[in-house]
Amino acid sequence: EIALSRAVERVQPSATIAVTTKANEMKRQGIDVIGLGAGEPDFDTPEHVKEAAIKAINDGKTKYTPADGIPELKEAICAKFKRDNGLEYTPAQINVSPGGKAVLYNAFMATLNPGDEVIVPAPYWVSYPEMARLAGGDPVFVQCGPNSNYKLSPEALEQAITPKTKWLVLNSPSNPTGAAYTKDELRALADVLLKHPQVWVMTDDMYEHLVYDGFEYFTIAQVEPKLYDRTLTVNGVSKAYAMTGWRIGYAGGPEKLIATMRKIMSQSTSNPCSISQWASVAALNGDHSFLAERNKVFKSRRDMVVDALNACEGLSCATPEGAFYVYPSCSGVIGKSSPKGALISSDKDFATALLEEEQVAVVFGEAFGLSPAFRISYATSTEALEEAMKRIKRFCEALK
Ligand code: PLP
């Protein structure tokens, strides 16, 4: 048997992908499963974006491109950062990678040495700690539960920083909670960071455009320009433009970091798909009116789901500012037993029994580092969500 790399042995496979795979398998067997595990919009990629991709194919834009993106896309990204975030980046400060995930991974690979610490507020998107480990670093978790509205407080940040801290990962709105930081909250975190010049900020703004109730979005380099030189502002087209399969993510940051990420790409993946890059130019430069329409749908689903969950015995759910997730606590069901006799002693037990007994797939909170809770993605049809809520309610009521 082949001996595996020590770096890989420190890493877990993605729990969200595992849940989605299991739900899809059950569906293929003809079981009526409702999958609330996947983190992708159920909407289609906008028409003008698809047309730009078709045009790119017909125009022969089907060859290698510069490893970290075509100039046209970098220009469109610079314009986006200026327009939406008031941030000035030049094309030399822009990285385009095959997905936001790859941007984050390339950034960790470019910067982490053994022993370097990465502060990851929990609950976190499942990939941050594993990617930090793959790159040789050590994730340092900070529990950010319901008492701090699932957000990192300045006090908790101060406590987590050590001389070895290399990065703070911020993700607003958050996967898995949907919580988003206000300008004042970012200001307070920035004040702590200003005292610790060794700490860089990786801000994952993937869900920037998915905010509700008039929430005003800010990213940290905009709130504190003194952090600009040590911030990587990460974003992508996957979530806002319903382009998860196209695999385009991007970031703006200091030139030296961007150049190092480019070096990694030049010797690993090479460029992201040329056709997807042209489609992303059309997405970023094009009409954005579809966003408001889609957000209206997301918001009404969020409200429906939050109300339904709070009506379930043993569950309690906050109303998040953005993204398309909710992260209800299930502390009230721990210790109970299901109709089929499964003892619910953890959120993992809860999610397993819910899938087996009511055929609803959710992701258990342990995967995101904060228990007992679970994540629901409401990026699925309103009809399926309503049925799922009925099943969850029935399941919770049947627990003894
Ligand atoms: N960051 C967060 C917080 C996410 O939820 C996701 C996708 O689930 C990503 C990054 C990765 O996005 P992409 O599909 O562009 O790699």
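Counting from 1, position 299 in the sequence shown corresponds to residue 302 in full-length UniProt numbering; the numbering is continuous, with no gaps. Here a beta-carbon is modelled for each residue, glycine too, at the ideal position from N, C-alpha and C.
Beyond the five residues adjoining it in sequence on each side, V129 comes within less than 7 Å, by CB distance, of S17, A18, T19, A370 and F371 in the same chain, given in chain order.
Proximity of the beta carbon of S241 to ligand 1 is indicated: a heavy atom of the ligand is located closer than 7 Å. In this model, Q201 and P166 are separated by some 7 Å (Cα to Cα). Boundaries of the alpha helix (DSSP H) harbouring Y108: G103 to T114, taken from the DSSP string. Comparing alpha-carbon positions, the option among Y210, K259, A401 and A243 lying closest to D232 turns out to be K259. Within the stretch 199-257, the runs of beta strand (DSSP E) at least 3 residues long that lie entirely inside it are, in chain order, 203-207, 234-239 and 252-255. Distances taken from the Cβ of G118 to the heavy atoms of ligand 1 include none shorter than 7 Å. Look at D207: its beta carbon is less than 7 Å from one of the heavy atoms in ligand 1.
When DSSP states are grouped into helix, strand and coil, D35 belongs to the coil group.
Judged by their CB atoms, G368 and D207 are not nearer to each other than the 8 Å cut-off. Taken in chain order, the unbroken stretches of alpha helix (DSSP H) that lie wholly in the stretch 104-184 and span 4 residues or more are 130-137 and 157-163.
For W170, the shortest C-beta to heavy atom distance toward ligand 1 is 7 Å or greater. With a cut-off of 7 Å, the C-beta of G252 is classified as near ligand 1, since at least one heavy atom of the ligand falls inside that distance. Counting only residues of its own chain and dropping the five nearest sequence neighbours on each side, G325 has a CB closer than 6 Å to the CB of P176, G181, A183, Y210, L213 and V214. For ligand 1, no non-hydrogen atom lies closer than 7 Å to the CB of G255. In this structure, ligand 1 has a non-hydrogen atom nearer than 7 Å to the beta-carbon of T247. Remark: the C-beta of G368 is outside contact range of ligand 1, defined as less than 7 Å to any heavy atom.
Contact annotation: P275 and V99 have beta-carbon atoms nearer than 8 Å.
Shown here for G317: same chain residues with a beta carbon closer than 6 Å to its own, the five before and five after excluded, namely G335, V336 and C399 in chain order. Taking 8 Å as the cut-off, the Cβ atoms of S380 and Y328 count as close. The beta-carbon distance between M264 and A110, rounded to whole angstroms, is 6 Å. This is short enough to meet the 8 Å contact definition.
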